[in-house]
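Chains L and G are the protein sequences, given in the same order. Heads up: the first sequence runs through residues 602 to 753, numbered per this note's numbering. Heads up: the second sequence runs through residues 602 to 753, numbered per this note's numbering. Okay, so here's the structure we're looking at.
Number of protein chains: 2
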Amino acid sequence: MNERYLDDLKVGERFQSGQYIVTEEEIINFAREFDPQPFHLDSAVARQTMFQGLIASGWHTAAITMRLFVQTLNFAEGAIGLGVDELRWPNAVRPGDALQVETEIVDLRMSRSKPSHGIVRLRNVTVNQRGEIVQTMSASALVLRRSDTITQ
Amino acid sequence: MNERYLDDLKVGERFQSGQYIVTEEEIINFAREFDPQPFHLDSAVARQTMFQGLIASGWHTAAITMRLFVQTLNFAEGAIGLGVDELRWPNAVRPGDALQVETEIVDLRMSRSKPSHGIVRLRNVTVNQRGEIVQTMSASALVLRRSDTITQ
C-alpha cells in the first residue's frame, strides 16, 4: 500500500481498518505484564466479578486500536502521537472478539515549528463483531507533508 | 501489602510507585505487536528520525504506567477504568530509562448505580530517572468501598 502524507487527507474522511481477533491467551499475557487485576488474569476468578468472565485491559484495547490504525493509515515515516483525549471503554472486550477501528479525520493543519510536518486530529472508534463500541478516543498526531507542497 | 478501598483515600493524597526499567528488547517487542512505526522498531532506522534513536510507543509508556499504578495502589478486587483524559507524552522514553509514577487523588465520590463502589478521579504523572515528565494523564476508576461504610 502507498504511504500516506498529511496532504492526502481530507477533513471528514473515514477509514475502516481490518479485523483483529483477541485471544484469551493474549488478554492474560498482556494483563500479567501491564495490568495484573483479577478480571484480566484468570477466567475462573473473573467469573466471580461484575464482568462475569475474563475481559481485556483497556490499555490492551488501546494498543490493539493503535496497531489497526497504524496499519490502515500507513503514514510515511510514521505518525507521532501528540496526545489523546476522551479515551473511554463503553463495553468490555472478551476472548474471541474481533475488533475493528473506524478513523475519522477531524482537523488538519500545518505545524508552525516543523514546516515539514502537519498535525492531524482524528477520532478512533473501536467496535467488536456485533458492532458494539468497545473504545472511543480523540487524538492528535504529527505526520509528514509531501515535500512538493511545503512553501514555508 | 494491604488491599486498598475507596474509604482509605483522601483528596490530595499522593503515592509514589516503584521503578520500572524499560529495555530496548521490550520497546521493540511492544512496537512489533502494537505500534509498528520506524522510530519504535529498530535502533539504526530510529537514528535517522527526528528522535535520533529508538523511543518507546506512547501506548507502551501508558501500559507500564498502569502496571506501576496497579501495584502501588493495590485496590481490593481491582480498579475498573472508566475513562482517561489529557493523555500526553511530553518527553520520549528511551532504552534503559527507569520510569516511576506519582498518583494524586483528585476527587472521590460514591457511585449512584453501584452503592458497593465509589469513583476515584486521579492524575498520574510518569517521570524518568532524570525527573523529566514522559507522560501525564487524568483518569477515573470504579473501586470497592469497605462494606461497613455502605449505608445506602
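In this text, a Cβ means the ideal position worked out from N, Cα and C, and glycines have one as well. As the structure is a prediction and not an experimental result, all values here were calculated from the model.
For residue 710 of chain L, the nearest beta carbon of chain G is not closer than 8 angstroms to its own beta carbon. Residue 647 of chain L counts as buried, since at least 16 other C-beta atoms from the protein chains shown sit within 10 angstroms of its C-beta. For residue 624 of chain G, none of the residues of chain L pass the 8 angstroms Cβ criterion, the least Cβ distance being about 13 angstroms. Secondary structure within the segment 672 to 730 of chain G: the beta strand (DSSP E) runs of 3 or more consecutive residues, fully enclosed, are 681 to 689, 699 to 711 and 718 to 728 (chain order). If only complete runs of 4 or more residues are kept, the segment 614 to 670 of chain L shows the alpha helix (DSSP H) at 625 to 635, 639 to 642 and 644 to 648, in order along the chain. Contact of residue 635 of chain G with chain L is assigned, a C-beta pair being separated by under 8 angstroms. In this structure, the beta-carbon distance from residue 743 of chain G to residue 681 of chain G falls below 8 angstroms.
According to the DSSP assignment, residue 744 of chain L belongs to the beta strand (DSSP E) that extends over 734 to 745. Residue contact check for residue 686 of chain G against chain L: a CB pair falls below 8 angstroms. In this structure, the straight-line span from the alpha carbon of residue 693 of chain G to that of residue 718 of chain L is close to 18 angstroms. Around the beta-carbon of residue 746 of chain G, 16 or more other beta-carbon atoms lie within 10 Å, marking it buried.
Residue-level contact check: residue 728 of chain G does not touch chain L, since none of the beta carbons of chain L fall below 8 angstroms from its beta carbon. From the listed residues L:638, L:738, L:691 and L:603, the smallest Cα separation to residue 674 of chain L is found for L:603.
Taking a Cβ-Cβ threshold of 9 angstroms, none of the residues of chain L is close to residue 713 of chain G; the smallest such distance is about 16 angstroms. In its chain, beyond the 5 residues on either side, 703, 704, 705 and 706 have a beta carbon closer than 8 angstroms to the beta carbon of residue 615 of chain L. When the Cα atoms are used, residue 721 of chain G and residue 750 of chain L turn out to be separated by approximately 48 angstroms.
Excluding sequence positions up to five before and after residue 619 of chain L, its CB lies within less than 8 angstroms of the CB of 669, 672, 673 and 701, all in the same chain and listed in chain order.
Between the segment 637 to 652 of chain G and the segment 723 to 736 of chain L, the count of Cβ pairs shorter than 8 angstroms is below three; the stretches do not touch. Distance from the CA of residue 667 of chain L to the CA of residue 635 of chain G, rounded to the nearest whole angstrom, comes to 6 angstroms.
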